[in-house]
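To start, the structure itself, in structure tokens.
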Amino acid sequence: MLTGPAPHGAATQHDSITGNYSAMRATSYTALLVPAGLLALLGSAAAPLLAAEKPPVDLRVMSFNIRYGAANDGENHWEKRKGLVADTIRTYDPDLLGTQETLGFQKEFLEHELPSYTGIGVGRDDGGPSGEMTAMFYKTDRFEPVAEGHFWLSETPEVPGSKSWDTSLTRMCSWVKLRDRRDLSLPPILWLNTHFDHVGKEAREQAAKLLVAKSGVLGAGCDVVITGDFNSAVSSPPYLALFAAREREGGPSLFIDTYVAARPDGEPGQATFNSFRGAVVEGARIDWIAVRGGWQTLHAAIDRTQPDGRNPSDHYPVQALLRREAQQ
1 MLTGPAPHGA
11 ATQHDSITGN
21 YSAMRATSYT
31 ALLVPAGLLA
41 LLGSAAAPLL
51 AAEKPPVDLR
61 VMSFNIRYGA
71 ANDGENHWEK
81 RKGLVADTIR
91 TYDPDLLGTQ
101 ETLGFQKEFL
111 EHELPSYTGI
121 GVGRDDGGPS
131 GEMTAMFYKT
141 DRFEPVAEGH
151 FWLSETPEVP
161 GSKSWDTSLT
171 RMCSWVKLRD
181 RRDLSLPPIL
191 WLNTHFDHVG
201 KEAREQAAKL
211 LVAKSGVLGA
221 GCDVVITGDF
231 NSAVSSPPYL
241 ALFAAREREG
251 GPSLFIDTYV
261 AARPDGEPGQ
271 ATFNSFRGAV
281 VEGARIDWIA
291 VRGGWQTLHA
301 AIDRTQPDGR
311 NPSDHYPVQA
321 LLRREAQQ
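Numbering (the UniProt record's numbering), first residue to last: 1 to 328.
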């Protein structure tokens with residue numbers, strides 16, 4: 001999270017993707033029983049009858065800093081809001097859910113409350129049970145895992161618990177490579193989930209460059225999705241390092257900021273950190289969903305829903321609805 005008070009904004013209705021999106025319907029094709037001679041006569045003209053076009057594939061993504069559960073937050077303590085967190089996730093029903101500041105018992109709670117998901121995460125302090133996780137949850141019945149792992153935002157990223165530059169805390173990134181069972185002909189998805197330092201400016205910029213480099217190595221032949229709390233404002237050096245990276249700078253291509261893609265003309269009121277202070281609108285948008293590859297952004301939102309007049313966390317979850325045309 002960013003330090004310092006977040007300004008209050010007028011109470012607004014939540015900017016959320018509403019409604020339940022219908023599950024992708026599998027299309028079955030019935031063989032046409034025609035005489036061999038007629039089929040030969042028709043030749044290629046029969047092909048459209050036998051192989052209709054595949055429908056596009058939609059993907060719902062959410063990034064959600066759920067606030068670490070050991071914080072002394074009084075009325076906003078984890079035990080008093082964990083149900084709101086689970087309900088917020090269920091309402092949007094993401095295919096991919098990236099969380100930040102997640103402790104082990106919070107991950108276990110979400111796994112219990114969201115049984116249709118598979119969870120991934122290790123503690124940042126030791127690569128085991130100790131410390132916050134950048135825990136990830138994906139729909140078990142939709143995705144086939146290919147590989148997964150973790151690295152630390154440091155000069156020695158393979159060393160658990162490592163720190164570098166001016167970072168105040170140990171920071172890390174978790175990742176998983178997934179195949180989409182809805183269309184196995186699509187490229188795999190490399191999905192990374194991270195949390196940048198809230199103090200160190202150099203650490204944030206170097207972390208963004210590391211993220212770009214790692215996505216290039218791990219994501220060869222893949223589409224890439226990144227979720228996270230970047231503790232950085234739009235147009236900051238970390239933002240530019242991530243969204244302006246080119247091959248000559250060590251990045252395989254330009255990442256797309258899904259929120260900007262959905263709102264090319266921009267809009268006021270983009271705060272994603274609320275500090276449990278009501279419907280905060282004005283402030284920095286520090287939680288992002290980035291994408292690279294064949295995905296088009298249909299919609300993106302900052303979910304300011306306040307069940308029972310309360311914020312589920314000190315960050316608003318951010319959401320993106322993506323679409324990819326099928327491989328014909």
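Beta carbons: idealized from backbone N, C-alpha and C, even for Gly.
Asked	Found
According to DSSP, residues forming a beta bridge with Gly-228	Thr-194 and Trp-288
Member of Phe-64, Ser-168 and Ser-185 whose CA lies at the smallest distance from the CA of Ile-226	Phe-64
Paired residues, beta bridge with Asp-223 - DSSP	Ile-189
C-alpha gap between Ala-279 and Thr-156, whole angstroms	40 Å
Length at least 4, wholly inside the stretch 63–121: the alpha helix (DSSP H) runs in chain order	78–92 and 104–113
Residue 335 to Ala-52 span [Cα, whole Å]	Any question about residue 335 goes unanswered here, given that the chain covers just 1 to 328.
Assigned secondary structure, Leu-254 (DSSP; H/G/I helix, E/B strand, else coil)	coil
Backbone secondary structure at Tyr-239 - three-state DSSP	helix
Asp-166, DSSP secondary structure in three states	coil
Neighbourhood of Glu-113 by C-beta distance below 7 Å, restricted to the same chain and skipping five residues each side	Ala-86
6 Å CB neighbourhood of Tyr-239 in its chain, flanking five on each side removed	Ser-232
Nearest neighbour of Gly-224, chosen from Phe-230, Ser-235, Phe-243 and Ser-236 [CA to CA]	The question names Gly, yet the displayed sequence has Val at residue 224. That would be Phe-243, whose Cα lies nearest to the Cα of Val-224.
N- and C-terminal bounds of the alpha helix (DSSP H) containing Glu-205	201–218
Leu-39 burial status per 10 Å Cβ neighbour count (16 or more: buried)	Per-residue confidence for Leu-39 stands at a pLDDT of 41, beneath the threshold of 50, marking its modelled position as unreliable; no derived number is given.
Other residues of its chain near Trp-152: CB distance less than 6 Å, five sequence neighbours each side excluded	Ser-162 and Met-172
Close beta carbons around Tyr-259, own chain, < 6 Å, minus the five adjacent residues each side	Ala-300
Contacting residues, own chain, Cβ-Cβ under 8 Å from Trp-191 (five flanking each side not counted)	Leu-96, Gly-98, Met-136, Tyr-138, Trp-175, Val-176, Lys-177, Leu-178, Val-224, Val-225, Ile-226 and Thr-227
Burial state of Lys-80, where buried means 16 or more other Cβ atoms lie within 10 Å	exposed
Host beta strand (DSSP E) of Lys-54 (start-end)	First-last for Lys-54: undefined, no H or E at that position.
Distance between Cys-222 and Gly-293 (C-alpha atoms, nearest Å)	8 Å
Which residues DSSP lists as bridging Glu-148, in chain order	Val-176
Distance CB(Asp-180)-CB(Val-57) smaller than 8 Å	yes
Beta-carbon spacing of Asp-257, Ala-290 below 8 Å	yes
Leu-321 - containing beta strand (DSSP E), residue span	318–324
Limits of the unbroken beta strand (DSSP E) element including His-315	From DSSP, His-315 is part of no beta strand (DSSP E); its letter is neither H nor E.
Touching by the beta-carbon criterion (3+ pairs, under 8 Å), the stretch 307–327 and the stretch 257–276	yes
Contact under 8 Å by Cβ, Thr-170 with Arg-124	yes
For Pro-145, the nearest candidate out of Pro-187, Ile-286, Glu-111 and Ser-154 (CA to CA)	Pro-187
Where Gln-270 falls, given that 16 or more other Cβ within 10 Å makes a residue buried	buried
Length of the line joining the Cα atoms of Lys-107 and Leu-254	32 Å
Selection from Val-122, Ser-116, Glu-132 and Lys-54 that minimises the alpha carbon distance to residue 364	Nothing in the structure corresponds to residue 364, since the chain is present only between 1 and 328.
Euclidean distance between Cα positions of Val-122 and Leu-103	9 Å
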